[in-house]
Amino acid sequence: MSMIDVCRRALSDFYRHRYLHGVCLFTIALSVFIISAFSLFFINAGELMGAWQQGIRITAYLKPDVTKKQATDLAADIEQYAGVASVSYVSGKEGFAWLKKQLGAGSSLLSDLKENPLPDALEIHPAKNMAAMAGADRLAGKISEKPEVADVEYAREWMQRFYGIYNLFKVTAFVMAGLVFVAILFIVANTIRLILYSRREEIEITRIIGADEAFIKHPLYLEALMLGSFGGIAGLAMLYGAFFSLMPKLSPEGLLPFFQVRFLPVQLVLAVLISSMFVGWLGCYFSIRRFLRV
Amino acid sequence: MNAIDALDNQIIRFHAVTKHFGETYALRDLTFEVRKNDFLFITGPSGAGKSTLIKLLYMGERMSDGYAIIDGMNLSRIGRRQIPQLRRKIGVIFQDFKLIANRTVFQNVALVMEVAGFKSRSVIRQRVADLLELVGLPHQADAYPPTLSGGEKQRAAVARAMVGKPRIILADEPTASLDPDASERVLQLLRAAHARGATVLITTHDTRLLSRFDARVIYLESGRRVDAPAAAGNVND
Chain G
-16 MSMIDVCRRA LSDFYRHRYL HGVCLFTIAL SVFIISAFSL FFINAGELMG
34 AWQQGIRITA YLKPDVTKKQ ATDLAADIEQ YAGVASVSYV SGKEGFAWLK
84 KQLGAGSSLL SDLKENPLPD ALEIHPAKNM AAMAGADRLA GKISEKPEVA
134 DVEYAREWMQ RFYGIYNLFK VTAFVMAGLV FVAILFIVAN TIRLILYSRR
184 EEIEITRIIG ADEAFIKHPL YLEALMLGSF GGIAGLAMLY GAFFSLMPKL
234 SPEGLLPFFQ VRFLPVQLVL AVLISSMFVG WLGCYFSIRR FLRV
Chain W
109 MNAIDALDNQ IIRFHAVTKH FGETYALRDL TFEVRKNDFL FITGPSGAGK
159 STLIKLLYMG ERMSDGYAII DGMNLSRIGR RQIPQLRRKI GVIFQDFKLI
209 ANRTVFQNVA LVMEVAGFKS RSVIRQRVAD LLELVGLPHQ ADAYPPTLSG
259 GEKQRAAVAR AMVGKPRIIL ADEPTASLDP DASERVLQLL RAAHARGATV
309 LITTHDTRLL SRFDARVIYL ESGRRVDAPA AAGNVND
């Protein structure tokens, strides 16, 4: 049987059983919509947390006698430490200017000061990973041992809480994705089984008149791949529609003015489509084995 | 005819075939031969094992013991992949027709040719049209089985059984659910298939049918082959 014959039979069977195929397609579309919506949420939430992470830093206040050269040398040294993303030097003057800017109208409070109370400092940004949090204490301790450093300050509790939430969030995302995938596979396999069950007499008759397994199986697999791909496209289209109708309410002037919510990246869209086809195929594979036993 | 010629002339050979489902025996120690282009009846009361015998012949079931050879293929050794090859040599007609409900009569008949690997749509169309003409259903080619009468369904099933030009036609109680006129028409078609060279094997419990044909008859009772007189009086249940 040629590929053209397989396609022709698959298409005509698809049409002949359009109601059940429609139900299965809708099930896959809904499943893809749910899993893609999860992905969209987790990706954007991850990016949002990443954006917050930019604000996490360790500040090392330098002793008054440390020169700028010594400070930049120390910055270069610290930058080599594991778990450090970047180190920047902030002079006392720059720090004072920043403070004044932050205080805005209240900056007049600082006008009585005869001299700048802020020492020069190094701002250390930890790497964006969990290991950085575990090592944050150690890193701060190591930096404080440097002779040029007078004091080390960082939002220890806040960082711990942040990374705790971030960690939980990631684990939850993986577990949810796994559970949803298994649930979807189960639903799709059972829906395809329903299709095969409704066609069991037809399959049995086709076998009695001499059809081999390939004659029966190939169009069914092709139908399952079509169901997977059409379902995937429909699910993603639903998500796309929902995303763009909700987008104006979220950003940039909406609920999250500082953050640009984005749709799924192209690679992920392709991965969802391929996974949806794979789920269709796998569902068909599990269901078909029962029906073709001699 | 010498022994080798006799063997050459056999298209079906059953030897000591037994089929049981757990503790229940459907066929016991059944031996018989069918020659090429034979027209044969297998008869017996309900539960005699007629339908099981048909199933064994098209490998709908595997035998439990003994051996059977059909057109050179040993059913006790046949592999799973060879079963379709065997089935393409056989046309089967069932009491309950077994037509695919959501395919037209034409599509039901044409499916056999698609399964057999015919590529040309025009050849398929012509052969199916000829067969529908033969069975008197050209006007029902586009009809779906549920809209046909019992007799028409069975004639469509006969067309399906004949379209692949099989060497053997098995008919399992083909007239059991038909009125006398429809039964007569189906039997005429089976005779036509026989006249075209097919070996025809019909199971029936209707003794009136047997009396109208000058054909070989095998009697079954409780899964065993029995002599004619003992069974003949019991076949009508």
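For the protein sequence lines, the chains are G and W, in the order given.
Last residue of the first sequence? That's 277 in the numbering used here, and every number before it is there in order.
Last residue of the second sequence? That's 345 in the numbering used here, and every number before it is there in order.
Where is the CB? At the ideal position from N, CA and C, for every residue including glycine.
Is residue i buried or exposed, if buried means 16 or more other CB atoms sit within 10 Å of its CB?
i       : result
G/T284  : For residue 284 of chain G there is no data in the structure shown, the boundaries of chain G being -16 and 277.
W/A124  : exposed
G/K52   : exposed
W/N344  : At W/N344, the pLDDT of 42 sits below 50, so the modelled position is not reliable; the number obtained from the coordinates is stated separately. Counting Cβ neighbours within 10 Å, W/N344 comes out exposed, since fewer than 16 surround it.
G/T174  : buried
W/M221  : buried
W/T312  : buried
W/L239  : buried
G/P202  : buried
G/S(-5) : exposed
If you measure from the beta carbon of residue i to each beta carbon in chain G, is any gap under 8 Å?
i      : result
W/V223 : yes
W/Y133 : no
W/R235 : no
W/R229 : no
W/Y252 : no
W/G187 : no
W/R275 : no
W/N210 : yes
W/P282 : no
W/K158 : no
W/V308 : no
W/V220 : yes
W/K127 : no
W/G168 : yes
W/R349 : What the structure shows of chain W is the stretch from 109 to 345, and residue 349 of chain W is not part of that stretch, so it cannot be assessed.
Would a check of beta-carbon distances place residue i closer than 8 Å to chain W?
i       : result
G/I148  : no
G/E206  : no
G/G5    : no
G/F269  : no
G/A194  : yes
G/F(-3) : no
G/T189  : yes
G/E30   : no
G/F198  : yes
Got a sec, what are the start and stop residues for the alpha helix (DSSP H) residue i sits in?
i        : result
W/G258   : G258 to V271
W/S159   : K158 to L165
G/I191   : R183 to I191
G/V(-11) : M(-14) to R(-1)
G/D120   : A119 to S127
W/A176   : Segment D173 to I178 is the beta strand (DSSP E) holding W/A176; no alpha helix (DSSP H) there.
Between which two residues does the beta strand (DSSP E) harbouring residue i extend?
i      : result
G/A54  : No beta strand (DSSP E) contains G/A54, which is instead part of the alpha helix (DSSP H) from K51 to E62.
W/R143 : T132 to R143
G/P109 : A104 to P109
W/R195 : Counting along the chain, W/R195 falls outside any beta strand (DSSP E), though it belongs to the alpha helix (DSSP H) covering I191 to R196.
W/L278 : I276 to D280
W/R324 : R324 to E329
W/F205 : Run containing W/F205: none; DSSP gives neither H nor E here.
Just the C-alpha distance for residue i and residue j, rounded to the nearest angstrom, thanks.
i      : j      : result
W/G187 : W/M167 : 11 Å
G/G124 : G/S69  : 17 Å
G/I178 : W/D137 : 41 Å
G/V252 : G/F16  : 11 Å
G/P248 : G/L13  : 20 Å
W/N145 : W/M270 : 14 Å
W/A264 : G/F157 : 57 Å
G/P47  : G/F145 : 33 Å
G/S228 : G/F24  : 15 Å
G/E185 : W/L278 : 20 Å
G/I188 : W/E292 : 25 Å
G/Y149 : G/I107 : 20 Å
G/I271 : G/Q63  : 58 Å
G/E128 : G/G147 : 27 Å
One question on the structure: do residue i and residue j come within less than 8 Å of each other, judged by their Cβ atoms?
i      : j      : result
W/I310 : W/P288 : no
W/M171 : W/T126 : yes
W/D280 : W/I162 : yes
G/W264 : G/L222 : no
G/L219 : G/S19  : yes
G/V171 : G/G266 : yes
G/F246 : G/F261 : no
G/V255 : G/G215 : yes
W/Q262 : W/V213 : no
W/L135 : W/G259 : no
G/I257 : G/Y137 : no
G/K83  : G/S90  : yes
W/V236 : W/V266 : no
W/V308 : W/R268 : no
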